[in-house]
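Using my numbering, the letters of the sequence shown map in sequence onto residues 115 to 209.
C-beta: ideal position from N, C-alpha, C; glycine also.
Bear in mind that the values here come from a model prediction, so they are computed numbers and not experimental data.
What follows is a short report on a single structure.
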Amino acid sequence: MPKKSEVEKEQSFADINELNRMLAAVLTYLSDDAIEEIDIEYLLDHTDGLREWWEHYREQNRKQIEEEITQSLEELSLEELERLRQQIKEKKSSS
Numbered sequence: 115m116p117k118k119s120e121v122e123k124e125q126s127f128a129d130i131n132e133l134n135r136m137l138a139a140v141l142t143y144l145s146d147d148a149i150e151e152i153d154i155e156y157l158l159d160h161t162d163g164l165r166e167w168w169e170h171y172r173e174q175n176r177k178q179i180e181e182e183i184t185q186s187l188e189e190l191s192l193e194e195l196e197r198l199r200q201q202i203k204e205k206k207s208s209s
């Protein structure tokens with residue numbers, strides 16, 4: 115495996131610092147005793163960069179989600195498969 119260049123090392127360090135900052139903001143929010151109900155939208159809106167990171171993360175994991183769904187189809191009953199097919203048809207027609 116080739117060694118990382120100084121620029122790549124600096125970028126990795128900056129990425130780690132950014133993730134640490136976002137994690138600290140989320141944990142600060144979660145540990146606030148005044149918060150009775152966790153509001154994910156609030157976190158995404160008020161933690162700089164978190165929404166963008168979350169969207170990027172979700173896109174990266176799309177393929178894994180698709181594979182998990184495909185594998186789980188074998189375990190569904192015929193009724194469940196038909197319901198799922200109907201939901202997909204409804205989604206396509208509303209798009």
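Residue i burial status per 10 Å Cβ neighbour count (16 or more: buried)
| i | result |
| --- | --- |
| Thr212 | Here the chain has residues from 115 to 209 only, and residue 212 is not among them. |
| Thr161 | buried |
| Ser164 | At residue 164 the sequence reads Leu, which differs from the Ser that was named. Buried, since its Cβ has 16 or more Cβ neighbours within 10 Å. |
Span separating the alpha-carbon of residue i from that of residue j
| i | j | result |
| --- | --- | --- |
| Trp168 | Ile154 | 11 Å |
| Leu144 | Ile152 | 7 Å |
| Ser209 | Glu124 | 43 Å |
| Lys206 | Asp129 | 38 Å |
| Arg199 | Ala139 | 41 Å |
| Asp146 | Lys117 | 42 Å |
| Phe127 | Glu189 | 44 Å |
| Leu195 | Gln201 | 10 Å |
Could you give the uninterrupted runs of the alpha helix (DSSP H) lying entirely in the stretch 132–165, keeping only those of 4 residues or more? 154–160
Uninterrupted beta strand (DSSP E) stretches inside the stretch 169–203 (no shorter than 3 residues): none
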